[in-house]
Every structure is written in structure tokens, then in C-alpha cells.
Amino acid sequence: MISGNLSRSTPHSAYLNREICTMDELAINGGEKAKTVPYNQPNKYTDEERELLLEVLDSGKLMGPDGKVADFEAEICRAFEVKHAIMVTSGTVALQTALAALGVSEGDEVITTPMTDFGTTAAILALHAIPIFSDIDLSTRLLDPQKVREKITDKTRVIITVHMAGMPCDMDAFLEISEETGVKILEDCAQAHGATYRGRFVGAIGHAAGFSMNESKQISTGDGGFVTTNDDETAEIARLFRDKTYLRGQKLERGVQPIPFFGTNLRPTCLQAAVAIAQLHKLEYLVARRDQIVRRYYAELGDLPHLDFPKIADKAHPSWWPLAIRYTGSAPTRDELVNIFRAEGVSINTSMSAVKNILRTEVIQKRKYYPLTDDIPIFWQNTVYNPDDCPNVDTLQATCLRLPVNERYTDEDIDQTIAAVKKVWAHYF
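The opening position of the sequence shown corresponds to residue 166 in this note's numbering, with each subsequent residue numbered one higher.
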């Protein structure tokens, strides 16, 4: 897996030679495409998913928390070397459940990055807590521990470390902050299944973690998620929160069910769990294959001018989602480059997240909350957001090029992607 010291190697194929690429006319100007075959995208769901789904249907029981749900939770604990796993219905509610289990309540502050899926922020607001946004380190693309430290107040309860694009945050630094301040660390592992930091899996390092199993993630059930923690009390509260606080396993007379607090219904089905089990079995290969692909990008493109690759610490091993590089040139522009690459048949996107900078959205600036009225909710009235407070996020999003990374891509896919980048660079630089 990729760590901080990345070597540069010789080109993988003869046709990647820079001199050969220089002779090619760009496809956008009428030349031949560098990527001559579509990206390989076979169905990620295979016979194992079908067999496990049939087992559930044949059992006549689709509802957890036992059966396949319990089986999946046990497999996660073994795979990620963590004490507890609690499966829920999405990554967003996994974070919400974890925040609730960590004791976050109305008016508490939760620090995180504005460069993330909106689900991270939605999970905070669902508990009437206050999202506080902190900037990233431009070299790592991840939350900057020093900038987070500057945001801590007496109302701060949790820091959400988002392992963006599968790259682990600097957990040593965040755990040090936690030790000094008492603020708890919640890992957002929505894009980081199987990543490790100092030999430990993400999701087993902080006080709790939330994972997504959305269709696009390394483990997919269409939608779904799970919470992990090594703390018994946190796990107990999380299980109650996802299950309307039913005290499962206790012989209680109907009608006398005690209610320790009001939770909600975030229970997954055994059908989702069956798919999750099969997907988990493929994770080790997925992480290794994506690592292999990204190593080639670093080795064969890392020395090209005007391309800035993420700095990965020696102690961190990503579970790559996309690979977010920065284009530091000016002509052509970043957006022009995207069109040039797409004409070459290469799939390149430009944003690290669906919302480039949540801090700049109207819903944050005007503190809108459901129901949509002009009134700012009481818990949010005293918070003011400066849209320019996270300049590194803006810089990254304005310069980002996301190279395609998928375990199902063939060597030919990667050969031709690299050839396309070298062809374009030979033309302009």
C-alpha cells in the first residue's frame, strides 16, 4: 500500500514514452483518442451476494438485529480489529448515531472540514449541535490538526476527522488534542474502508467511527452504514439509539418496556447485511488493487510539471477512493484540461466532494433548518460563519483533478490513462 516515500519508476509500456506521445495530435483537435477502450466496469455484485441473499429469503426472516445483521457486525469486528460494530441504514445516520452515543446534545460544537459530503454536517445538525468548520492542510488534502486546535472552545465536544478519499488523517495529532482537551474524536470513514494508520484500521483508532455503504463506496449495499467503537458504553448507547431504545434480549412483559431515552429507527435489514458480508470479503483485494493503480500514477506521473500529488505519511496506508491531484499551471486552465482529457476518453472529475465547500452554501450562511422558514433555530442563532474561513479548501477545489481509481480497471485501462496524461502534458508543457 502507498505510504509517504513513493519511488519513481520507468514507464510501464513502450507507448508511454514521452517522445512518442509528443507526436500525437490531441483528440480535441481531431487526433485519435489515447483511451481507445471504455473503462472496464463489470458488475460488483457476484454469486456470493446472490447466495447470501437467497439464504436470507429462504430463512423467512428479513429483520435484524440478529441473523445476517449480527453476522456482518461480527465480521467487521474481526476484519477491522475493533470491539463493537453496529450496522445502520446509511453513513449519515452512522455519524449521527455515533455523535449521540458520544454524548453530543443541543448547542454543543462539533469541529469538522467543510470539504466533505453534506451528510457529515447533516449528522451534526440532526442533534441540534453546531457544526464548526476548520481548514485542511493543502499538502495532505485533510483536516489540519493545528487549525482545528485553534477552533476549540468550552462548547466543543467532538472533532470529526474525515478520512477524505480514503486517506487517513493525522490521528496521532488528533489523539494528542483529545488527551489535552477532553474533546472526543469521531472518525468519518465513509470513503476509507480498509485504510490503516500505524498498523491500525481506521475506525478503530478514535472514540468511535461512522462508515458508509453507499453504492459508490468500497463496501456497498446500495445504501447502508455502520458504527464502530472500542468503548462498551458508547456501543450500548449506539445500539439503543438505532433501535428506538428497545432493550433487546431482556424478558420484559408487553406494555412495561422501559424507555431510557428516545432513539429512532435506523435498523438495517438482513438483506442489506447479506450483501455487506459478501462485499466485505472482497475488500482486501480492492484495497490492494487500488493501491497498485495509484502507485503507478505516482511513479509515472509524479514528476510531471504542474501536478501536485497528495503527501501521504509513512504511517498511513490509504484505501483509495479517487486520487486527487492538484493542477498548478495556468494555461490551459483546469477546466479546459478536463475537456481535453474527456476528449481523449479519460474519466477525470474536478471536485473532492459533491459540495465543494459547505461553508459557502446558503444553508450554512443563512443557517437554514427544517422547516424552511426565515427564522434561525434557537440553538444556531449565535453562530456566524465567515465564508472565507477555509481558503485551502477553496484552493484545492479550484485546482483539483481526480484521476480514476477502481479495482475493476484493467492494466490496459491504466496504461491508456497514463498515456493520455503524458500525451496532453507533452503537448502543453
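The beta-carbon is built from N, C-alpha and C at its ideal position, and this holds for glycine as well. Predicted model, so just to flag it, every value in this text is computed and none were measured.
Checklist entry - Is C435 closer than 9 Å to S227 when the C-beta atoms are compared? => result As a working mapping, residue 227 is identified with position 62 in the sequence shown. As a working mapping, residue 435 is identified with position 270 in the sequence shown. A small correction: the amino acid at residue 227 is Leu; Ser does not occupy that position in the sequence shown. A contact, by the Cβ cut-off of 9 Å.
Checklist entry - How long is the line joining the alpha carbons of V586 and E220, rounded to whole angstroms? => result Taking the sequence shown and counting its residues from 1, one reaches residue 586 at position 421. Taking the sequence shown and counting its residues from 1, one reaches residue 220 at position 55. Their Cα atoms are separated by approximately 47 Å.
Item to check | Nearest to R525 (by Cα), restricted to the options V247, Q562, G232 and T498 | outcome: Locating residue 525 in the sequence shown gives position 360, where the first residue counts as 1. That would be Q562, whose Cα lies nearest to the Cα of R525.
Next on the checklist: Quick check: what's the CA-CA separation for R407 versus N504?
Outcome noted: Counted from its first residue, the sequence shown places residue 407 at position 242. Counted from its first residue, the sequence shown places residue 504 at position 339. Approximately 45 Å between the Cα atoms of the pair.
Checklist entry - When the Cβ atoms of the region 540-556 are set against those of the region 447-458, are three or more pairs found closer than 8 Å? => result no
Next on the checklist: By the three-class DSSP mapping on this structure, what secondary structure does T582 have?
Outcome noted: Residue numbering aside, residue 582 sits at position 417 when the sequence shown is read from its first letter. If DSSP states are grouped into helix, strand and coil, T582 belongs with the helices.
Item to check | Where N208 falls, given that 16 or more other Cβ within 10 Å makes a residue buried | outcome: Position 43 of the sequence shown, counted from the first residue, corresponds to residue 208. Result: exposed.
Checklist entry - Which runs of the alpha helix (DSSP H), 4 residues or longer, sit entirely within the region 497-554? => result 499-508 and 527-530
Item to check | Segment limits, alpha helix (DSSP H) that includes C565 | outcome: Indexing the sequence shown from 1 puts residue 565 at position 400. Here C565 belongs to no alpha helix (DSSP H); instead the beta strand (DSSP E) covers C565 to L568.
Checklist entry - Any idea if M188 is buried or exposed, counting beta-carbon neighbours within 10 angstroms, 16 or more meaning buried? => result As a first step, residue 188 must be located in the sequence shown, where it is residue number 23. Bear in mind that the predicted position of M188 carries a pLDDT of just 46, short of 50, making it unreliable; the figure below should be weighed with that in mind. Result: exposed.
Checklist entry - Cα separation between E352 and I384? => result Taking the sequence shown and counting its residues from 1, one reaches residue 352 at position 187. Taking the sequence shown and counting its residues from 1, one reaches residue 384 at position 219. Using only the alpha carbons, I get a separation of about 17 Å.
Next on the checklist: On the CB-based measure, 16 or more other CB atoms within 10 Å of its CB, does N194 come out buried or exposed?
Outcome noted: Residue 194 sits at position 29 when you count from the first residue of the sequence shown. Answer is exposed; the Cβ neighbour count stays below 16.
Checklist entry - Among A338, M332 and K382, which has the Cα closest to the Cα of T361? => result Translated into the one-based positions of the sequence shown, residue 361 becomes position 196. Of the candidates A338, M332 and K382, the one whose C-alpha sits nearest the C-alpha of T361 is M332.
Checklist entry - Do you know offhand how far I317's Cα is from V348's? => result Working through the sequence shown from its first residue, we reach residue 317 at position 152. Working through the sequence shown from its first residue, we reach residue 348 at position 183. One C-alpha to the other measures close to 9 Å.
Checklist entry - Can we say the region 511-518 touches the region 379-396, given the rule of at least three CB pairs closer than 8 Å? => result no
Checklist entry - D578 and N205 look like a contact to me (Cβ under 8 Å); what is the Cβ gap, rounded to whole Å? => result Walking along the sequence shown from the start, residue 578 turns up at place 413. Walking along the sequence shown from the start, residue 205 turns up at place 40. Right, their Cβ atoms sit about 6 Å apart.
Next on the checklist: Could you give the first and the last residue of the continuous beta strand (DSSP E) run that contains P310?
Outcome noted: What you label residue 310 is simply residue 145 of the sequence shown in a count that begins at 1. No beta strand (DSSP E) contains P310, which is instead part of the alpha helix (DSSP H) from P310 to K316.
Next on the checklist: Measuring straight from C-alpha to C-alpha, what distance separates I458 and I301?
Outcome noted: The residue you call residue 458 lines up with position 293 of the sequence shown. The residue you call residue 301 lines up with position 136 of the sequence shown. So the two alpha carbons sit approximately 25 Å from each other.
Item to check | Cα-Cα separation between M166 and A294, rounded to whole angstroms | outcome: To locate residue 166, count along the sequence shown from 1; it is residue 1. To locate residue 294, count along the sequence shown from 1; it is residue 129. Any reading at M166 must be qualified, since the residue scores a pLDDT of 47, below 50, and its modelled position is unreliable; no value is offered.
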